[in-house]
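When you read off a place in the sequence shown, starting at 1, and then add 36, the result is the number in the working numbering. Heads up, the beta-carbon is just placed ideally off N, CA and C, and yes, glycines get one too. Have a look at the structure below, then the notes.
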Amino acid sequence: MDDRKIKNVVIVNDFNYVQGGASKVAIDTAKILKEQGIKVFFFSAVNKENEKINGVKYISTNQQEALKEKNKIKGAINGIYNLKAKKELKKLLKTLDRDNTIIHVHGWTKALSSSVFDIAFKMRFKVVLTLHDYFTACPNGGYFNYKKNEICKFKPLSWKCIKCNCDSRNYGFKLYRLIRQFVQNKIVKLNDKLENVITISEFSEKILKTTLGKNTRVTRIYNPIDIEKNLEKVDPSKNEYYLYVGRVSKEKGVDLFCQAISELDYKGIVVGDGDERQKLETEFPNIEFTGWKNKDEVKQYMKGAKALIFPSKWYEGAPLTPLEAMQYGVPCICSNVSAAVDYSIDNILIFELNKDELKKKIVCYEKNIDKYSKESFEFVKSRINIDYGNEITNYFKKII
């Protein structure tokens, strides 16, 4: 062992603001590392000036998401292999010592592209990738057929995968994703060259581990959880409604929530928005759709719920919404195909992916709400002890 220390960490993410779960973790990681005295650089494509952390150095290519570029050809080229991102990252890395620098990648598929890995590998920097999704393997990042609204079992980039029109838009977009994946995995050789990856759930690790290179070291570090310091348990047996929180889109299974709750004649509330909202709102007038709410408002909805229902039809990575509800003793009833099963305290709270099974689980849950509430509350208390800051810095020290 030598005495090299981490002096610099370059956080790489498509966005330098909270755009989704991966971006939030990237930003939280930057804050934590800066507080521990490490020099942090935040490298992104899509830039927002008003959401920056004091003491973190920001470098941005100042580009749009690839698929939101006005010039569609330019956008597609950037999405497949972003030369500007490669050039700008190279310029930054030339100022840093690879012996005491780690590049920590969170998101790259929406704007930066695999060109950022390419230049980092060529300059022989230590690269760590947190696997927030399934883009290292699957062209659409989710092993999900958006046309059939179901999990896809095809081997990524196989002939069956190539022929399958699984994209949420049309086959033209599938072709774009296939080319992007081919460049990433066959030319840049991302999976073969990655030496260090972080997985965020047992569920996603099982799926992705077999797709990585032979020499890739896999370490599981759970994402930081936004949990209140002084937890106060509510009594969900006294509450009146079942709750869904999140994007209202096909793969999220909100239709199953609405069907089950309506047929059981229970009160249901959907907090969130998306392209399926109008259709579901019309079909299920008994369900209350609130649209997106701020963080404090969501907490109040969670505290007032009998249970959170997480009916996702796709794998997910490590959804935090179930834990956010469970911190109040509000249990989560989840589908058996998503990573939320890692948080399940009892098989009674896991349902096979159809509305009749969900109805059965809700009926069973109603018979023993107090038990599941206490167990949910205790489960989250045990997870609070996980110190993401120490885990991530100790991990970096081991691999530098």
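- Under the three-state reduction of DSSP, Cys370 is assigned to strand.
- Counting every other CB atom within 10 Å of its CB across the protein chains shown gives Lys286 a total of 16 or more, marking it as buried.
- When Glu352, Lys339, Cys400 are compared, the shortest CA-CA separation from Ile369 is found for Cys400.
- With a beta-carbon spacing of about 5 Å, Ser150 and Val224 fall inside the 8 Å limit used to define contacts.
- Linking Ile386 to Leu125 through their CA atoms gives a straight-line distance of about 44 Å.
- Annotated as proximal: Asn98 and Asn83, with beta-carbon spacing under 7 Å.
- For the segment 267–312, the continuous beta strand (DSSP E) assignments of 3+ residues that do not extend past its boundaries occur at 277–281, 303–307, in sequence order.
- For Phe293, the CB contacts under 6 Å within the same chain, skipping 5 residues up- and downstream, are Tyr280, Ile345, Pro347 in chain order.
- Restricting attention to Leu214, Leu132, Lys196, Ser298, the CA atom closest to the CA of Phe171 is found in Leu214.
- Of Pro260, Asp309, Lys410, Glu402, the smallest CA-CA separation from Arg419 is found for Pro260.
- Under the DSSP definition of a beta bridge, Gly425 lacks any partner.
- Glu186 and Asp133 have their C-alpha atoms spaced approximately 46 Å apart.
- Distance from Glu241 to Thr247 at the Cβ level is roughly 11 Å; contact not present, criterion being Cβ atoms closer than 8 Å.
- Here the C-alpha atom of His168 lies approximately 17 Å from the C-alpha atom of Gln220.
- Counting along the chain, no alpha helix (DSSP H) covers Gly143; the unbroken beta strand (DSSP E) around it starts and ends at 137–143.
- Around the CB of Gly304, 16 or more other CB atoms lie within 10 Å, so the residue is classed as buried.
- Ser194 counts as exposed, since fewer than 16 other C-beta atoms from the protein chains shown sit within 10 angstroms of its C-beta.
- For Ala81, DSSP assigns no beta-bridge partner whatsoever.
- The residue from Gly365, Gly353, Asn383, Val366 with its alpha-carbon nearest to that of Ala375 is Gly353.
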